[in-house]
Every structure is written in C-alpha cells, then in structure tokens.
Amino acid sequence: MGEPPEHGGDVSPRKSGDIAIPVVREEPQLSHTPCCRNISESDHVHEQIRDIASVAKDVIKNNFQKHATSQEQVFQGLRLFGPSAQSQKLMRLEYEAAAYAMNTGVYVVWRCDKPKLSGANTNFCVRIGARHRCFCGHSLKEHEEPRQTNDRVVSPGCTLCGCLRYAYVPNEPEEVGEGWLSRRANWKPSSWSAKCRCGHGHLKHDPKSHNCNECFCASFISHFLCVVCDCSWEAHETAFQSEGKRMKLGLPVREKFFPLGDVEWSLRDAILNGPTSNAKAPPPCIPRVTMSAGRVPSGRVCLSATPPNQRSIRRPPSAAQPLPPHCSECGAIFRSPQSKFCSNCGKPRA
1 MGEPPEHGGD
11 VSPRKSGDIA
21 IPVVREEPQL
31 SHTPCCRNIS
41 ESDHVHEQIR
51 DIASVAKDVI
61 KNNFQKHATS
71 QEQVFQGLRL
81 FGPSAQSQKL
91 MRLEYEAAAY
101 AMNTGVYVVW
111 RCDKPKLSGA
121 NTNFCVRIGA
131 RHRCFCGHSL
141 KEHEEPRQTN
151 DRVVSPGCTL
161 CGCLRYAYVP
171 NEPEEVGEGW
181 LSRRANWKPS
191 SWSAKCRCGH
201 GHLKHDPKSH
211 NCNECFCASF
221 ISHFLCVVCD
231 CSWEAHETAF
241 QSEGKRMKLG
251 LPVREKFFPL
261 GDVEWSLRDA
271 ILNGPTSNAK
281 APPPCIPRVT
291 MSAGRVPSGR
301 VCLSATPPNQ
311 RSIRRPPSAA
321 QPLPPHCSEC
331 GAIFRSPQSK
341 FCSNCGKPRA
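Quick note: the sequence shown uses the UniProt record's numbering, first residue 1, plus one each step.
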C-alpha cells in the first residue's frame, strides 16, 4: 500500500485515519504538433508581395538605364580623354578593311548567324582587311587574290604556307574579352594568339588539319568567345562577298560599310586620328604676365608671345609647385590629387 505510483507525478500524502493515501497530480502532456494561431487560409499576403515586387520592377525599369554606361557618356569620355591605343588600332584596321572593300569590290567579314547576345550585329563581327591575319598566321595580303565568279567569291589560299583558304581568327585580345592583357607594361603583341582548349595558341596548330604540334590535340576547339556575339570560333565563318550580292541581300556597301558611319565627323576623326588616352599629354600652355619694374599690375596685362614649351609664370620662392595632373612617362591622368603613383605605368608622381 505504501509503494509509489508507477508514473512520475507529484505525490503528496493525504491522511485518512491511520492510513496515508498518496494523491497523484498529473502533469500536462506536450503535443508534438505545432500550434499556430491567427493564420489565414487565403493568399492575400502573397498577392501583396507580388504587387510590391511588380512596383519595384517598374521603378527600376523607369529610373535606371539598362547599361552601366550610355552611348552619350561613352562619346563624352572620348571627347575628353580620347580612345585607348588598342581601341584606336582596332578601329583603324576596320576602317582600312572598309576602304579595301570599296576599292576591290570584295567584302570580307567574320560573321555568326545566331549570336547569343541580344542586339548583336548579325551582319558581321569583324570587318577584314589586308592586314588581318589568318589562322595560319599570315595576313590577307599575303594570300592569293580572291577570285570572283558572278556573285560568288572564292576564299584564297596562302602563298607562304600550305593554308588552303583564308580563315580568320581573332588577332587582338580585345576581340575575345581579354583587353586587360594589352594594358600590361611588358605586353608583347607578337606573343599573343587565340587559345585552343588544349592550352596552345592557333599558331601551334597545323593550318590544314588543325592538329596541335605541341600535344595530342586533334582539332582546334576555341577556349574563348567572341566579344561581339558571345559565340565560339567554330560558330563563325569567314565570308567573302561581292558588292552585288550584298546589295541583293540588303546589306550595307561602300560608304555605309565604314565604321562609325552614324557618328559626327569631328568625333570620328578624333577616334581614328586624334591622340589616345595612353599618349603623353602636351605641356600646359600657361601665359607669362609681364609688367614694368616697380609698378603694381593693373587690370590690363600683357601676354608674352613665348612658345608654349617656354612659357612660365613667376611665383614666390615659398610658393609650392602644384602636382602635375598627368603622368610624365605615359601621359595617363592621375585618379585623384592624392595619388602618389601612376595607375597605368607605376611611375612615382613628381
């Protein structure tokens, strides 16, 4: 009779005469089922979230531009600083290619039928001229003259090697999105070539079979994508077209085939012939103020006709000379007045 209960409750003895009767208080049992209150079965909250997301998308679409830099901002930067040396080189090559097509009537382009990038040019990715190099490493002018049969133009073979037909491959790192290479101080253009997946450039592959001469690679498979259309080298073709065929297809010919055709002439000339952002900046043209001895200068001053490189302004000996805004070595503009080194060539600021 005096044994404790089997279950673990609170036991307190209760006397009934001479016998103690234990009283058991049972503890509440916890349920494993979660208890959630005030939850609505409707989708009202989800509809509010969708409405807020839709409004946010409209605000972003209407108040922010699609591209980080607009076309007008690019033109403004070109007017202020000029193009980079590599950009100007590429544009000059394309301009020469358009002039070559206008003089010979043969239009050579590197093109892709189905570009992956939206808004990409479906007509061509690169205009090809006499100086553009083939897969074999020789330029177009080192190949035979293209032969025309009616409106068909046959791709020429090379006169210096066993290349059977001209096949373009990107000549510059900017064409495959590796423009940072050409900005290196020890950059050598002759050492760069478009890479295969085997790790060797196209110059290490046979121009006929495309077999690699350095490894067991059986064919050239590009390890890069075109910066214009975002497609591989295999998705492109080197097309030789006559002027008559392009006119039938409604493609631009003659003057309309030139690059920067929709840009004003002053900006086009600055891009093709103007100074580049990598060139040395001319010395500042500061006129010298001359005055008679012992006189305080009035509102009228006399500007000396001294040549620009000899012009200077007299300063007190204690006046601090201002830091130059341009690097004296490469002409690049310092990023801030506090910059101590050139971000382009690394030379210390004078």
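Each residue gets a CB set at the ideal place from its N, CA and C atoms; glycine is no exception. Just so it is clear, the structure is predicted and the values come from calculations on it, not from any experiment.
In the three-state scheme derived from DSSP, where H, G and I count as helix and E and B as strand, PHE257 is classed as helix. Rounded to whole angstroms, the separation of the alpha carbons of ILE52 and GLU174 is 42 angstroms.
With a cut-off of 8 angstroms on Cβ pairs, the region 56-66 is not in contact with the region 85-92, counting fewer than three such pairs.
Taken through DSSP and simplified to helix, strand or coil, LYS188 comes out as coil. With contacts defined by Cβ atoms closer than 8 angstroms, PHE240 and SER155 form a contacting pair. When the beta-carbon positions are compared, ALA97 and HIS132 come within less than 8 angstroms of each other. In the three-state scheme derived from DSSP, where H, G and I count as helix and E and B as strand, LYS347 is classed as coil. Taken through DSSP and simplified to helix, strand or coil, SER242 comes out as strand.
Around the beta carbon of LEU93, 16 or more other beta carbons sit within 10 angstroms, so the residue counts as buried. Taking LEU181 as the centre and dropping the five residues before and after it, the same chain places the C-beta of PRO173, TRP187 and TRP192 closer than 8 angstroms to its C-beta, in chain order. DSSP places LYS204 in the helix class (H, G or I) of the three-state scheme. Secondary structure at HIS223: coil, using DSSP grouped into helix, strand and coil. At a Cβ-Cβ threshold of 8 angstroms, ASP113 and LYS245 do not count as neighbours. Per the DSSP secondary-structure output, VAL153 pairs in a beta bridge with GLN148.
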